[in-house]
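Top line first, the protein sequences correspond to chains A and B. Quick note: the first sequence uses numbering that gives the first Met the number 0, first residue 0, plus one each step. Quick note: the second sequence uses numbering that gives the first Met the number 0, first residue 0, plus one each step. The beta carbon of each residue, even a glycine, is placed where N, CA and C say it ideally should be. Keep in mind it's a predicted model, so treat the numbers as computed, not measured. Following: one structure in structure tokens, then a few remarks.
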Amino acid sequence: MSFLSLVFRNLFRQRMRTTLTVVGISVGITIVVALGAVTGGMKQTAAAVIRQGGADFMVAQRGSADFSFSTVSEDEWAQVASFPGVERARGVLIYITRYGSNPFFPLLGMRPDELAVSPPEVVQGRLPRGADEVILGESAATDNDLAPGDVVEIDHRPLDVVGIFRADNVFYSSGAYAPLATVREIARKPDVVTAVYVKAAPGVDPAALAAKIEDELPTLTTVASASEYGKVDQGIEIMDALELAVSILAVVLGAIAVMNTMIMAVFERTREFGILRAVGWRGSRIMRLVLTEALALCLVAAVVGIAFGLLAVQGVLMIETIAHFLEPTYTVGVFVRGVVIAVSVGLVGALYPAYRAVRLSPMEALRHE
Amino acid sequence: MSDAPMIECLDVVKTYEDGRIRALAGMNLVVEPGELVAVMGPSGCGKSTLLHLVAALDRPDSGIIRVAHHDLAHERNLDHYRARHVGIVFQLHNLLPTLTAVENVQVPMFELGVGPRERRARARRLLELVELSERERSRPAQLSGGERQRVAIARALANGPSVLLADEPTGSLDSKAGGTILDLLVRLRDEREATLVLVTHDANVAGRADRIAHMLDGRASEPVSLAPTRVAVS
Chain A
0 MSFLSLVFRN
10 LFRQRMRTTL
20 TVVGISVGIT
30 IVVALGAVTG
40 GMKQTAAAVI
50 RQGGADFMVA
60 QRGSADFSFS
70 TVSEDEWAQV
80 ASFPGVERAR
90 GVLIYITRYG
100 SNPFFPLLGM
110 RPDELAVSPP
120 EVVQGRLPRG
130 ADEVILGESA
140 ATDNDLAPGD
150 VVEIDHRPLD
160 VVGIFRADNV
170 FYSSGAYAPL
180 ATVREIARKP
190 DVVTAVYVKA
200 APGVDPAALA
210 AKIEDELPTL
220 TTVASASEYG
230 KVDQGIEIMD
240 ALELAVSILA
250 VVLGAIAVMN
260 TMIMAVFERT
270 REFGILRAVG
280 WRGSRIMRLV
290 LTEALALCLV
300 AAVVGIAFGL
310 LAVQGVLMIE
320 TIAHFLEPTY
330 TVGVFVRGVV
340 IAVSVGLVGA
350 LYPAYRAVRL
360 SPMEALRHE
Chain B
0 MSDAPMIECL
10 DVVKTYEDGR
20 IRALAGMNLV
30 VEPGELVAVM
40 GPSGCGKSTL
50 LHLVAALDRP
60 DSGIIRVAHH
70 DLAHERNLDH
80 YRARHVGIVF
90 QLHNLLPTLT
100 AVENVQVPMF
110 ELGVGPRERR
120 ARARRLLELV
130 ELSERERSRP
140 AQLSGGERQR
150 VAIARALANG
160 PSVLLADEPT
170 GSLDSKAGGT
180 ILDLLVRLRD
190 EREATLVLVT
200 HDANVAGRAD
210 RIAHMLDGRA
220 SEPVSLAPTR
230 VAVS
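Here you go:
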């Protein structure tokens, strides 16, 4: 008989209580894993948006609550483009509208000559050149059963599909590129773009260049990585805060559940702890027994919670509307966070019961009925 | 027998409830190595308290208790002492209900640092010693009272203690099962030269001991020890 078999034997004594505790903890971990995967996907999308067309960073309106609300005027765009050290400054107008079953269809407006400099991977047809032409992302084309030669109507504006492009990100893949002037008309946003994508000239430090632009154009801000995305969009920050809040809640509620379970177990087994002390078990071994029982409970909950988290995300993705814009990312960090929360819950919840078990005098414990 | 006593209790006092209950009031007892000593007396005279103090399950208020050269008043690591120097058998077997007989016997061995295989092999040998090999996979609820006590004795012997303490080991058994347990304890004394202290209020049980210490009101009725007494067990 090993120490671990003793641990599991004890856990199986109260099967219903153990199961309910595992379920309680795993619900928290399920939510943490699902949120982590979704937030990770959002960050990956943000990173793809920032680095669009091989840019070093993007310039957008300072203090914008949502990136799609950002406006950069033609003058500001021209000033950015004229900065020493800027090799390329491409303006993009991002207009989010409904198309087909996608309520967040991104229509991206770029000057055709600028789009041609660093184009997306065209898999069918060609890039748009004329005012009424559009190239669709693969997902958008597949979901709406469209091919080059078809006509799409976006916000009552008919556009000829001239090509299909491939993108490794759901945001682009479920959207389309059209000439900037056309998108401005559809969006009713003349003379502005959402952001300017800057490529620094060879030998120029992009970070120094971004800092200089921010200094001289105080109404604009620069974003070079997903971690800076909060400067122009608070969505990810809100998701991060939500994830943190849920993680803390999961730890607190899980710890309470574990503490309740382990205190009851310690109380019920007081006499047994007395027997173990009487036959020579050290207090530290008894503490290890209680802590290991709690940790085993929580690690089982972590496995269950992670599995249900993955299932939950996949379940959500079965809703077509959500699948258009949500692309979860399963990083190692997401799973590690689930396990860390489980271990924290186990340790925090079992510490007091374990302390109580150790503090019992052998005689006091043996007299317990 | 060596010159040094195996157990030495000198002027031991133990009170409960802030001194209102005086369980031991200057108890003296000396047990030589290899002896089987019975401690007799009526209920509440302090027999079990004495045993618990010798087993280091509790601490005396005053007095000296030396067991196998360990001065328990100054012993820092009582867990270590309990694990290696003393084995105890309770009136109610106190086996762990979820473990089988062979697993119960292994429990004390966790403190010896031996691996699971060795623990299992030793536990099987001990169950063989108490003639319970065929019941090694039975849980306490599946064993008779006498069998449970035999498992408890095997567990008490698990770590090769210097002293075996038995608190009314036949108290909850019928005369036949009690007789078997007594035979086993006497055999252990004879074959293993174990030092045994047996608490009982049954004169027949005490009669199997080498010496009897009578207790009354927290003291042994005779100073230190009594002359050997033999009473036939019917």
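- Chain B has a Cβ within less than 7 Å of the Cβ of P361 (chain A).
- Put simply, the backbone Cα of I134 (chain A) is about 27 Å away from that of Y228 (chain A).
- Under the three-state reduction of DSSP, K188 (chain A) is assigned to coil, being neither helix nor strand.
- The segment 148 to 167 of chain B and the segment 175 to 185 of chain B touch, with no fewer than 3 CB-CB distances between them shorter than 8 Å.
- If you check each beta-carbon in the segment 237 to 263 of chain A against every beta-carbon of chain B, none falls closer than 7 Å.
- With 16 or more other CB atoms across the displayed protein chains lying within 10 angstroms of its CB, I64 (chain B) is buried.
- Distances from the CA of G345 (chain A) to each of A:A301, A:A64 and A:A130 were compared; the closest alpha carbon is that of A:A301.
- When secondary structure is reduced to three states using DSSP, T221 (chain A) falls in the strand class.
- Taking E242 (chain A) as the centre and dropping the five residues before and after it, the same chain places the C-beta of V31, L34, G35 and T38 closer than 8 Å to its C-beta, in chain order.
- Residues of chain A whose Cβ lies closer than 8 Å to the Cβ of Q105 (chain B) are, in chain order, M0.
- Cβ-Cβ separation between A82 (chain B) and P107 (chain B): approximately 6 Å, consistent with a contact (criterion under 8 Å).
- Under the Cβ distance rule, E326 (chain A) does not count among the residues neighbouring chain B, no pair being separated by less than 7 Å.
- Under the three-state reduction of DSSP output, A146 (chain A) falls in the coil class, being neither helix nor strand.
- For H51 (chain B), the enclosing alpha helix (DSSP H) has its first and last residue at K46 to V53.
- Nearest Cα to G112 (chain B) within the set A:K42, A:V289, A:W280 and A:L219: A:W280.
- Contacts with chain A at 7 Å (Cβ-Cβ) do not include N203 (chain B).
- Between the segment 162 to 169 of chain A and the segment 99 to 115 of chain A, the count of Cβ pairs shorter than 8 Å is below three; the stretches do not touch.
- Look at A177 (chain A) here: in three-state DSSP terms it is strand.
- Using a Cβ distance threshold of 7 Å, Y171 (chain A) and G136 (chain A) count as a contacting pair.
- Remark: C-beta atoms of Y80 (chain B) and H73 (chain B) do not approach each other more closely than 7 Å.
- Judged by their CB atoms, P59 (chain B) and L52 (chain B) are nearer to each other than the 7 Å cut-off.
- Within the segment 20 to 45 of chain B, the complete beta strand (DSSP E) runs of at least 3 residues fall at 20 to 30 and 35 to 39.
- Not a single C-beta of chain A is nearer than 7 Å to the C-beta of A153 (chain B).
- From the beta-carbon of R12 (chain A), the residues of chain B found nearer than 8 Å are T97.
- Beyond the five residues adjoining it in sequence on each side, Y351 (chain A) comes within less than 7 Å, by CB distance, of M258 in the same chain, given in chain order.
- For I87 (chain B), the chain A residues whose C-beta falls within less than 9 Å of its own C-beta are A277 and V278, listed in chain order.
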